Amino acid sequence: MNKPVLASELIELFLDPQVGLGFTESKWSHVITVLRHEKLLARFGFIAKEAGVLRGYPECIQRHYLSAMALAERHRKQVFSEVQELQKICTAKAKTWLLLKGAAYTITNSKAGLGRVYNDIDVLVDKIHLAQTEQYMQLSGWLPQAQSSYDETYYRAWTHEIPPLVHGHRGTVVDLHHNIVPPVSGRAPDMSALYQHIEMTAEAVPTLSKPALALHSAIHLFFNEECQYGFRDITDIVLLFEEFNEAQWSTFIALATETDFIIEAELAVHFAHKLFQVQPPKTILERFKSEPSAIQKFRYWLFAAAVLPKHPFLVQSFTDTKLWCIMLRGHYLKMPIKTLCYHLIMKTYRGCVESIAGKHFFTPQDVATQRVQPHPNGPIEKDY
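Residue numbering for the sequence shown is 3 to 386, as defined by this note's numbering.
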């Protein structure tokens, strides 16, 4: 069956927005639908604008792009405002802290921040100061949401972050991390290795350097069990790679080797080069372009489903099977088999009970019924 739009056409549009000048309105309708589904509509709009071709697209298509771009720009300004507040808290309470992922792309004005929208701000603090940073954030208006005792234990005992904190007035969601992967996995790196790659923005906000940001993005995409927005995430990596100089490429590989995430780094380089024509230095390509083993070929086949769009217009053979395998692999990598089996049994049991008795059956009553109330003396934090 002919597909209304192909993944290759979206990649070509990303690389050369001028190809959109030849699209019919019917083709554009499907392209816009897929880009919105993948959270990439604003990014493609900014790329087309920079290429000077946005105004050549049909007017009805321009409206979709311009609306998404305006929303992304508002999002960017809100992130800068929120980071100012977080900077006060984290600087006061944590010896080492930094922004991760989307917020880091935005605050550093990286190409990867172009049109990037996200649901939460990821902050990493050194573990020794995690508890007091969390406490101070709660005093400043970021409050935990309802969690069952099991989920609370899951976060704090097994993962690399605490339960999300939501600001009571602005609705900002903050994920507070102490590592980049769960310590229970046995793969959590010594964070001092990453702390050597902290850089400061003009506003004195700490983030990882571009090589470290790219490695973390690769880990997030190729180590985890979820890849819902993998097409967006691989374009993040591509845009970061495009800003690399030769020394940064070397740093990227050296850091991946030091932290034992060279497989994730290799997958990122493979798909960026194969799909998006990214050209790493010859030494990097030679390192990775030797005849792939059977395991490598399987990884390429499997993770093609992760990095390509997942809208039903573009779903290919075995996509669901591949995504299911990626989900199982991610869980296996993040937990020892004994812990994983226990976790899956508990989640299955609790899911069955909640489907009958209600989603708050296991949530303590005082937590399940809590609501964020306005502060008696007005907003705790300034509204923007």
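The C-beta atom is built at its ideal place from N, Cα and C for all residues, glycine as well. All values reported here derive from a predicted model rather than from experimental measurement.
First and last residue of the uninterrupted alpha helix (DSSP H) at residue i
i: residue 160; result: No alpha helix (DSSP H) holds residue 160; DSSP gives it neither H nor E.
i: residue 73; result: 61-95
i: residue 241; result: 232-244
i: residue 271; result: 264-278
i: residue 356; result: 339-359
i: residue 260; result: 248-261
i: residue 304; result: 296-309
i: residue 196; result: 193-197
i: residue 51; result: 43-52
i: residue 154; result: 151-155
i: residue 33; result: 27-39
Residue i versus residue j - alpha carbon distance
i: residue 35; j: residue 240; result: 22 Å
i: residue 286; j: residue 275; result: 11 Å
i: residue 319; j: residue 272; result: 21 Å
i: residue 177; j: residue 236; result: 22 Å
i: residue 278; j: residue 85; result: 32 Å
i: residue 128; j: residue 58; result: 49 Å
i: residue 354; j: residue 167; result: 27 Å
i: residue 22; j: residue 15; result: 6 Å
i: residue 12; j: residue 269; result: 20 Å
i: residue 229; j: residue 308; result: 6 Å
i: residue 395; j: residue 180; result: Limits of the chain in this structure are 3 at one end and 386 at the other, which puts residue 395 out of reach.
i: residue 380; j: residue 66; result: Residue placement at residue 380 is poorly supported in this model, since its pLDDT is 36, which falls under 50; the coordinates still yield a value, given next. Going by the C-alpha atoms only, they are around 38 Å apart.
i: residue 249; j: residue 291; result: 20 Å
i: residue 384; j: residue 132; result: Model confidence at residue 384 stands at a pLDDT of 35, short of 50, so the residue's coordinates are unreliable and nothing is read from them.
i: residue 251; j: residue 155; result: 39 Å
i: residue 61; j: residue 115; result: 26 Å
i: residue 242; j: residue 351; result: 42 Å
i: residue 267; j: residue 170; result: 38 Å
i: residue 206; j: residue 96; result: 15 Å
i: residue 162; j: residue 341; result: 15 Å
i: residue 223; j: residue 301; result: 13 Å
i: residue 75; j: residue 149; result: 33 Å
i: residue 211; j: residue 136; result: 25 Å
i: residue 345; j: residue 202; result: 39 Å
i: residue 190; j: residue 295; result: 26 Å
i: residue 288; j: residue 254; result: 15 Å
i: residue 297; j: residue 265; result: 11 Å
i: residue 98; j: residue 160; result: 22 Å
i: residue 5; j: residue 27; result: 15 Å
i: residue 247; j: residue 111; result: 17 Å
i: residue 158; j: residue 358; result: 28 Å
i: residue 91; j: residue 50; result: 38 Å
i: residue 153; j: residue 63; result: 43 Å
i: residue 261; j: residue 282; result: 21 Å
Cβ-Cβ distance between residue i and residue j below 8 Å
i: residue 219; j: residue 238; result: yes
i: residue 217; j: residue 263; result: yes
i: residue 361; j: residue 183; result: no
i: residue 388; j: residue 209; result: Nothing in the structure corresponds to residue 388, since the chain is present only between 3 and 386.
i: residue 304; j: residue 328; result: yes
i: residue 32; j: residue 225; result: no
i: residue 7; j: residue 29; result: yes
i: residue 280; j: residue 244; result: yes
i: residue 88; j: residue 55; result: no
i: residue 37; j: residue 25; result: no
i: residue 200; j: residue 100; result: yes
i: residue 80; j: residue 53; result: no
i: residue 227; j: residue 332; result: yes
DSSP three-state assignment for residue i, whether helix, strand or coil
i: residue 176; result: strand
i: residue 102; result: strand
i: residue 222; result: helix
i: residue 322; result: helix
i: residue 169; result: strand
i: residue 19; result: helix
i: residue 128; result: coil
i: residue 215; result: helix
i: residue 8; result: coil
i: residue 145; result: strand
i: residue 286; result: helix
i: residue 386; result: Confidence in residue 386 is poor, its pLDDT being 29 and thus under 50, which makes the residue's placement too unreliable to answer from.
i: residue 13; result: helix
i: residue 123; result: strand
i: residue 113; result: helix
i: residue 55; result: coil
i: residue 136; result: helix
i: residue 108; result: helix
Start-to-end residues for the beta strand (DSSP E) that takes in residue i
i: residue 208; result: 208-210
i: residue 200; result: 200-202
Below-8 Å beta-carbon distance, residue i vs any chain B residue
i: residue 18; result: No chain B is part of this structure, which consists of one protein chain only.
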